[in-house]
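Numbering (the working numbering), first residue to last: 561 to 933.
Ideal Cβ placement from N, Cα and C applies to all residues, glycine included.
None of these values were measured; they are calculated from a predicted model.
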Amino acid sequence: MCIAHAAPFRFDIVGSFLRPAELKEAREKYAGGEIPLTELKAVEDKCIIELVHKQKQAGLKVATDGEFRRSWWHLDFFWGLQGVAQTESLSVNVFKGTPARSQSAELTGKISGKDHPFLEHFRFVKSIAGEGIIVRQTIPSPTQFFHHLVSPANLDNTNHVYPEREGLIRDIVAAYRTVISDLYAAGCRNVQLDDCSWGQFFEGRSTAFDADRSTDEQRKEEKLRINNLVLANHPEDLRLTTHVCRGNFRSAWATYGGYEPVAEALFARQNVDAYYLEYDSERAGGFEPLRYMGKDKKVVLGLITSKTPELENKETILARIREAAQYVELDRLYLSPQCGFASTEEGNLLTEEEQWAKLNLIREIAEEVWGAE
Numbered sequence: 561m562c563i564a565h566a567a568p569f570r571f572d573i574v575g576s577f578l579r580p581a582e583l584k585e586a587r588e589k590y591a592g593g594e595i596p597l598t599e600l601k602a603v604e605d606k607c608i609i610e611l612v613h614k615q616k617q618a619g620l621k622v623a624t625d626g627e628f629r630r631s632w633w634h635l636d637f638f639w640g641l642q643g644v645a646q647t648e649s650l651s652v653n654v655f656k657g658t659p660a661r662s663q664s665a666e667l668t669g670k671i672s673g674k675d676h677p678f679l680e681h682f683r684f685v686k687s688i689a690g691e692g693i694i695v696r697q698t699i700p701s702p703t704q705f706f707h708h709l710v711s712p713a714n715l716d717n718t719n720h721v722y723p724e725r726e727g728l729i730r731d732i733v734a735a736y737r738t739v740i741s742d743l744y745a746a747g748c749r750n751v752q753l754d755d756c757s758w759g760q761f762f763e764g765r766s767t768a769f770d771a772d773r774s775t776d777e778q779r780k781e782e783k784l785r786i787n788n789l790v791l792a793n794h795p796e797d798l799r800l801t802t803h804v805c806r807g808n809f810r811s812a813w814a815t816y817g818g819y820e821p822v823a824e825a826l827f828a829r830q831n832v833d834a835y836y837l838e839y840d841s842e843r844a845g846g847f848e849p850l851r852y853m854g855k856d857k858k859v860v861l862g863l864i865t866s867k868t869p870e871l872e873n874k875e876t877i878l879a880r881i882r883e884a885a886q887y888v889e890l891d892r893l894y895l896s897p898q899c900g901f902a903s904t905e906e907g908n909l910l911t912e913e914e915q916w917a918k919l920n921l922i923r924e925i926a927e928e929v930w931g932a933e
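Set out below in structure tokens:
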């Protein structure tokens, strides 16, 4: 892979897209026992082929499957790990004013990343993307998984399977390294680690994030260590990036507050190539925490919201890019939505047409600021 043709891109995306009505209907029929898995997969394949075509038409240099084979941005990945089972309990609702579905994941045994189903998801997109397109695989971060397992609903069960915390961390790291290595062998050169777990340190954190018995500083160091153990010693041409936001379910959010409480650990010491950061509202705070950003890191500004249909004012976005450039030079800045358009299959509260209009605006702004790069 040419180093110049690597994530991030000036005009970029986070990953998920609104599910077409045809796909939603097929998933409902499959859940109700009306159609077999083979028929659902055929609909998924068709919709993903159409989505990849639309991404290329929009001018994107990167493509995802829109997370069309998933119900959740994170749980489906957890369920695909060995030693993890789907459950029907979610003890705390963390989204502002919006109840989520009562699905979760818990351990049934030791964790392994062998033969993860997301490998086939990636291979399919790779087979249809064509030349000149980077196929991105999005997965929840290892700290997101760790955070889930030590949450109040899961802590007792997790401690039963892993009485020693280091054993849990060791197997999480090994499982993620297995999945990433397998993805690389399948041709993947861009893995994005989606991470809401840093929200436990923000001002408006939920009590759902407070099951761990250690202090905030100890928690931050623990999470940073887990991520960096997974990120270590990968091939030079594999781009490992992270997306950090404050929750995204049917346009609702979970936490609020700026990046300052985590900026030094997250921006200066986490060993990713680039950060996709939520910056679409006052809930995310200002750009000042970017002063900690490592000099070799790139920052994708999520200035365009995926939560509401109204198009942003171009001049306002241009002004915010200039403001961010006071802390990270313009050459290391990029532009994307603040999150995906459908972190769960329900999707955010806008139409597909409005979704693509958002991306068109991002492309226009990126071309104006950085040229046709």
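Counting every other CB atom within 10 Å of its CB across the protein chains shown gives ASP716 a total below 16, marking it as exposed. The shortest CA-to-CA distance from LEU798 to any of ALA645, SER741, LEU861, ALA828 is the one to SER741. Taking PHE684 as reference, the option from CYS607, GLN898, THR775 with the minimal CA-CA separation is CYS607.
Only residues of its own chain outside the window of five on either side were considered, and among them ALA567, ILE694, ARG696, ARG799 have a CB closer than 6 Å to the CB of ASN750, listed in chain order. Here the stretch 887 to 902 lies against the stretch 828 to 840, with 3 or more beta-carbon pairs under 8 Å apart. Taking 3 residues as the shortest admissible run, the stretch 789 to 822 contains the following complete beta strand (DSSP E) segments, listed from N- to C-terminal end: 799 to 804. Counting C-beta pairs with one atom in each stretch, the stretch 916 to 928 and the stretch 590 to 603 have fewer than three that are closer than 8 Å, which means they do not touch. Where ILE693 is concerned, there is no enclosing alpha helix (DSSP H), because DSSP gives it neither an H nor an E. Each of GLY692, CYS805, TYR590, GLU666 was checked against the Cα of PHE706, and the nearest Cα belongs to GLU666.
In the three-state DSSP reduction, LEU578 falls in the coil class, being neither helix nor strand. Every beta strand (DSSP E) stretch that sits fully inside the stretch 813 to 872 and reaches 3 residues is listed by chain position as 834 to 838, 858 to 864. In this structure, the alpha-carbon of LYS614 lies about 11 Å from that of ASP625. Distance from LEU784 to SER701 at the Cβ level is roughly 11 Å; contact not present, criterion being Cβ atoms closer than 8 Å. As computed with DSSP, GLN646 is found in a beta bridge with ALA665.
Exposure of LEU890 is indicated by the presence of fewer than 16 other C-beta atoms within 10 angstroms of its C-beta. With a threshold of 16 other beta carbon atoms within 10 Å, LYS855 falls short and is exposed. Between LEU861 and VAL888, the C-beta gap is not smaller than 7 Å, which leaves the two residues out of contact. Following the DSSP letters along the chain, one finds PRO702 inside the alpha helix (DSSP H) bounded by residues 702 to 709. GLN778 sits exposed, since fewer than 16 C-beta atoms from the chains shown fall within 10 Å of its C-beta.
Judged by pairs of C-beta atoms under 8 Å, the stretch 901 to 911 does not touch the stretch 873 to 882, as fewer than three such pairs exist. Residue state for LYS589 is assigned as helix, using DSSP reduced to three classes. Within a 10 Å sphere around the beta-carbon of GLY690 sit fewer than 16 other beta-carbons, which makes this residue exposed.
Under the DSSP assignment, VAL751 falls outside any alpha helix (DSSP H), being part of the beta strand (DSSP E) whose first and last residues are 750 to 755. Take GLN663, set aside five residues on each side of it, and the residues of its chain with a beta-carbon closer than 8 Å to its own are SER631, TRP632, LEU635, GLN646, THR647, GLU648, LEU650, in chain order. When DSSP states are grouped into helix, strand and coil, ILE786 belongs to the helix group.
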